[in-house]
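Just so you know, numbering that gives the first Met the number 0 puts 65 at position 66 of the sequence shown, and the rest follows in order with no gaps.
From the three backbone atoms N, C-alpha and C, an ideal C-beta is built for every residue, glycine too.
Source: prediction; values computed, not measured.
Notes follow the structure.
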Amino acid sequence: MKKNSGRGTRFQHRRTVRLTAAEDKKLTRQAATASISVSEYMRRLFFGGRPIIARTDDQTIRELRRLGGLLKHHFDVVKRTGNAGTLAELDAALSAIRRSIEALSEK
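As structure tokens, this is what we get:
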């Protein structure tokens, strides 16, 4: 095994995992999205127990949730005025935000 160029722990054991082509493609894509190697991604996922999300995706999700909260506040204000057209637009916007968050979370 190659020396780990002084960047932390030198790994001395290796495990083999069999994957389908689709699973390997998904694993490689997720590791690239998180900007880490596939082996590091697997170690973090296996030992960390939580999904790994790229920093930019995490920031985007946080911002989308903030915007959704602001829209929900406006929902109450518009509901009091009784403007049905604006309510429909706000509902569509909230649905789009929700779908975007779900899509980013599934990456």
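Just verifying my parser: in three-state terms, what is the DSSP assignment at residue i?
i	result
residue 74	helix
residue 10	coil
residue 17	coil
residue 35	coil
residue 47	helix
residue 68	helix
residue 110	Absent from the model: residue 110. The displayed extent of the chain is 0 to 106, so no value can be given.
Measure the alpha-carbon distance for residue i versus residue j and round it to whole angstroms.
i	j	result
residue 56	residue 40	16 Å
residue 78	residue 89	11 Å
residue 69	residue 76	11 Å
residue 9	residue 20	29 Å
residue 22	residue 95	28 Å
residue 2	residue 12	Only weak support exists for where residue 2 lies, its pLDDT of 49 falling under 50; the value from the coordinates is given anyway. Taking the straight line from one Cα to the other gives about 13 Å.
residue 73	residue 25	39 Å
Please state if the CB of residue j and the CB of residue i are separated by a distance shorter than 8 Å.
i	j	result
residue 35	residue 63	no
residue 37	residue 27	yes
residue 60	residue 93	no
Does the ligand GTP have even one heavy atom less than 7 Å from the beta-carbon of residue i?
i	result
residue 36	This structure simply doesn't include the ligand GTP, nor any ligand for that matter.
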